[in-house]
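Undergrad: Chains as they are written, first to last, in this note's numbering: chain A, 0 to 234; chain B, 6 to 420. Pasting a structure below so you can have a look.
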C-alpha cells in the first residue's frame, strides 16, 4: 500500500511563526527556517523544550499557518491554502502520531483507525478490512473492540500509528512518539515506524528528545531558539 | 462517526443530555396540549354545527329581540323548501319543588312540532318524539296573538335536573319569572330529555322545556302594550329539504328569501358559522403556537447552551479530528446531528408528555376541563409540523456551537 500521491518533497523558505504578534507577549517561535526534506527521508528534529520543534512539525503538517515565508510540497505552495484544502491534504497525505496518542476516548481501537478513512469516504467493507489489517500490522489483532482506557500505553500508541497510516499517507509526522513509553515499547514502535516507512516509501519526520529515536534517523536537525542550529546527515 | 458511536459520546455528558431533552420536551408538551385540546374543542363545536338539524338561523340584536315569533315562523315555514321553522326563547326562571325555595333553571320555550323537526342526529335521540308538551303547533294557547286559548302547563325536565331536583314525570313543578312563590304557576312534568355532550354542561344540564307561548306569558314577552318585545324569541332555526341542504346555491336562495322577510334581523347559514368558527379556530391555533414559542425559545436556548458546553468540553477531540483531516463540514455535521438527535428525543418526550397530560386532565380534571380534554384531537399532521419545526430550529440552536467548534485553533486544542 503506497501513498495516494506518494511522499512529497517538503520545502520551507524563510518560514516564520510568531504568536501574539504586536502584543507585549509576542513570541517568535520560528525565525526564518529554510529546510528541504526530500521524499522518503527519515529526519529527526531535536532540541531543548521551547525551541520550536512542535511548531515546525505543526507547520509541516499544515496544522498551523506561518506568519512569514512559504511552505511548498513538490513545488506547490500549501502554507496559505484554504482551510478546506489544507484539511484535504492532511487527510490524504499526512499521518500524525502524537506524544500523548490522542485517541478519541469514546471510539474503539477499530473505530479510531477507521475515522480518517470514514472522512475520506472509503467504502465500509474496505474500511473494515484495512482497519483490521493495520491493527494486525501493529500487533493488535483481537483488540479491535477495546476502548482507549482499556489499552496499555504501548497499545494506545500502536493504535495511533495504525490510525496515522489509515489513508496510506506519504508524509508521517511524529511528535515525541515514544515520549510516554518504556524502552521495550519504544523499540517496538520505532521498528514499526521504520518498517512502514521503508515499505511505503514514506517521509518520516520525528520530533524527539530521545537519543535512541534520533539514532535511527538518516538526517538530524538540531533547533535552538526558533532557528535550525545544525543539520547533519548520517546515523 | 456512526450513530452508535455518537450515542456513546453523548453518554459521557449524560446529565446535560437529559436536561436538554427535558427542556425540549417541556417546550413541545405545551403546544401539544394547547393545540390538541383547542383543536378538539373547536372541531367538536364545528361538528355540532354541521350536524345540526337546521341549516339557517335567524337572530336579532338585543335580549330576546325577535318579535312576532309565531307569525314569522309561519311565514318562513311557508317558503318552498323549508321543512320547519322553530322559534326558540331561552330565559332563566325560578322553579319551586315541593315546599322548597326558588332554584334558577334555564327554560327553553319551543313550538313542540317544529322543535322536533329541527333536531340534529345527535340530539334527536335525546328527546321523545313527539314531545309531550300538548299542542304541537303552540297555536291554541297563542290564539293569534291574544294568548287567550287554554295553556297546556306541560313541562319537560332534563334528566340531570330530574335527578338533582327529584321531580319526575307525573309530578308537579311550580315555575315563576321571579323568585316569589306567589307568582308561580303549577306545571305538570310530562317527560324528560337527555343532555347532549356540551362544554356548557353544568348550565345547559339544568334545563326545562315548555311551550313557547307559556314561557312568553310567564316572563312578560307575550303581548300587550307593556311587553318589551311582543311574542318574543331569541332565534328561529330553519330546516330545509335534503336537496337544498346539500346545494349551496339553493340554500343561499332560501337564505335570501328569509332575509327579504326580515331585513332587520340577521340571517346566517350554519355552514357560514362553521366556516367562521373554523377561521377562529385557525387563529386560536396560531395564538397557541405563538404562546408556546416562548417555551420553545427557552428550550432551544438551553439546547444551544448544552451544545456549546459540549464543544468546550470536547475541544481536544475536535482538535484531533481536524488534525486528522476531517473537514469543517464534517465537524459541523456532527454537532448538528447531535442537536437534531437531542431535539428529536426531546420532541418525542414532549409529544408523549403532552398526550399524558391530556389523558390526566381527561381522567382527573374539573368537569369542564375533563370534557375539553376528552375532545382533544392529536392530529398527526399538526404534531408532525410541531416536531419538524423543533428539528428545524434545533439546527439554528446548534449553529452557535458549530461556529465555536470551527474557530478552535488545532495547535491550541492539542497543547
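Cβ coordinates follow ideal geometry from the N, Cα and C atoms, glycine included. Keep in mind it's a predicted model, so treat the numbers as computed, not measured.
Identify every run of the alpha helix (DSSP H) within the segment 260–329 of chain B, keeping only runs that are complete inside it and at least 4 residues long; order them along the chain.
TA: Listed in chain order, they are 275–318 and 320–329.
Undergrad: Answer with buried or exposed for residue 60 of chain B, where buried requires no fewer than 16 other C-beta atoms within 10 angstroms of its C-beta.
TA: By the 10 Å Cβ count, residue 60 of chain B comes out buried.
Undergrad: Please check if any C-beta of chain A sits within less than 7 Å of the C-beta of residue 391 of chain B.
TA: For residue 391 of chain B, the answer is no, since every Cβ of chain A falls outside 7 Å of its Cβ.
Undergrad: Name the one or two DSSP bridge partners that residue 202 of chain A has.
TA: According to DSSP, which records beta bridges pairwise, residue 202 of chain A is partnered with A:170.
Undergrad: Taking Cβ-Cβ distances shorter than 7 Å, what residues in chain B pair up with residue 110 of chain A?
TA: Near residue 110 of chain A (Cβ distances below 7 Å), the residues of chain B are 10.
Undergrad: Is it a yes or a no for the segment 118–132 of chain B touching the segment 144–160 of chain B, going by three-plus beta-carbon pairs under 8 Å?
TA: These segments do not touch.
Undergrad: What residues from chain A crowd round residue 17 of chain B, counting only those whose CB sits closer than 9 Å?
TA: Those are 104 and 105, listed as they occur along chain A.
Undergrad: For residue 32 of chain A, does the three-state DSSP call read helix, strand or coil?
TA: Looking at residue 32 of chain A - three-state DSSP - the assignment turns out to be strand.
Undergrad: Quick check on this structure: which residue in B:92, B:161 and B:270 has the alpha carbon closest to the alpha carbon of residue 75 of chain B?
TA: The shortest C-alpha separation from residue 75 of chain B is found at B:92.
Undergrad: Taking all protein chains shown into account, do 16 or more other C-beta atoms lie within 10 angstroms of the C-beta of residue 123 of chain A, making it buried, or fewer, making it exposed?
TA: Exposed is the call here.
Undergrad: For residue 120 of chain B, write down the residues that DSSP places opposite it in a beta bridge.
TA: DSSP lists no partner for residue 120 of chain B.
Undergrad: Give the DSSP-derived three-state secondary structure of residue 142 of chain B in the structure shown.
TA: Reduced to three states, the DSSP call for residue 142 of chain B is coil.
Undergrad: Could you compute how far the alpha carbon of residue 232 of chain A sits from the alpha carbon of residue 46 of chain A?
TA: Cα to Cα, the separation comes out at about 16 Å.
Undergrad: Take residue 179 of chain A and list the residues in its own chain whose beta-carbon comes closer than 6 Å to its own, dropping the five residues that flank it on each side.
TA: Excluding residues within five positions, the ones whose Cβ falls inside 6 Å are 152.
Undergrad: Could you have a look at residue 182 of chain A and say whether DSSP puts it in helix, strand or coil?
TA: The answer is helix: DSSP assigns residue 182 of chain A an H, G or I state.
Undergrad: Does residue 109 of chain B come out as helix, strand or coil in the three-state DSSP assignment?
TA: Strand.
Undergrad: Is residue 156 of chain A buried or exposed, if buried means 16 or more other CB atoms sit within 10 Å of its CB?
TA: It counts as buried.
Undergrad: Quick check on the burial criterion: 16 or more other C-beta atoms within 10 angstroms. Buried or exposed for residue 226 of chain B?
TA: Its Cβ being crowded by 16 or more others within 10 Å, residue 226 of chain B is buried.
Undergrad: Under 9 Å Cβ-Cβ, which residues of chain B neighbour residue 83 of chain A?
TA: Within chain B, the residues near residue 83 of chain A are 332, 333 and 334.
Undergrad: For chain A, find out if any of its Cβ atoms is closer than 7 Å to the Cβ of residue 329 of chain B; answer yes or no.
TA: Yes, its Cβ sits closer than 7 Å to a Cβ of chain A.
Undergrad: Throw me the rounded Cβ distance for the residue 395 of chain B and residue 33 of chain B pair, which I believe falls under 8 Å.
TA: 6 Å between Cβ atoms; contact.
Undergrad: Have a look at A:40, A:34 and A:10 and flag the residue whose alpha-carbon is nearest the alpha-carbon of residue 198 of chain A.
TA: When each option's Cα is compared against that of residue 198 of chain A, the closest is A:40.
Undergrad: Output yes if chain A places a C-beta closer than 7 Å to the C-beta of residue 14 of chain B; else output no.
TA: Chain A contact via Cβ: present.
Undergrad: Does the structure place the segment 406–413 of chain B close enough to the segment 379–396 of chain B that three or more beta carbon pairs sit under 8 Å?
TA: Flag = no, the segment 379–396 of chain B and the segment 406–413 of chain B do not touch.
Undergrad: Got a sec: is the Cβ-Cβ distance from residue 90 of chain A to anything in chain B below 7 Å?
TA: Yes, its Cβ sits closer than 7 Å to a Cβ of chain B.
Undergrad: When the Cα atoms are used, what is the spatial distance from residue 424 of chain B to residue 360 of chain B?
TA: Lying before the first or after the last residue shown, residue 424 of chain B is absent from chain B, which here runs from 6 to 420.
Undergrad: Just to make sure I have the definition right: I need the residues of chain A whose C-beta is within less than 7 Å of the C-beta of residue 340 of chain B. Which are they?
TA: Going along chain A, no residue has its Cβ under 7 Å from residue 340 of chain B, so there is no contact; the nearest lies around 15 Å.
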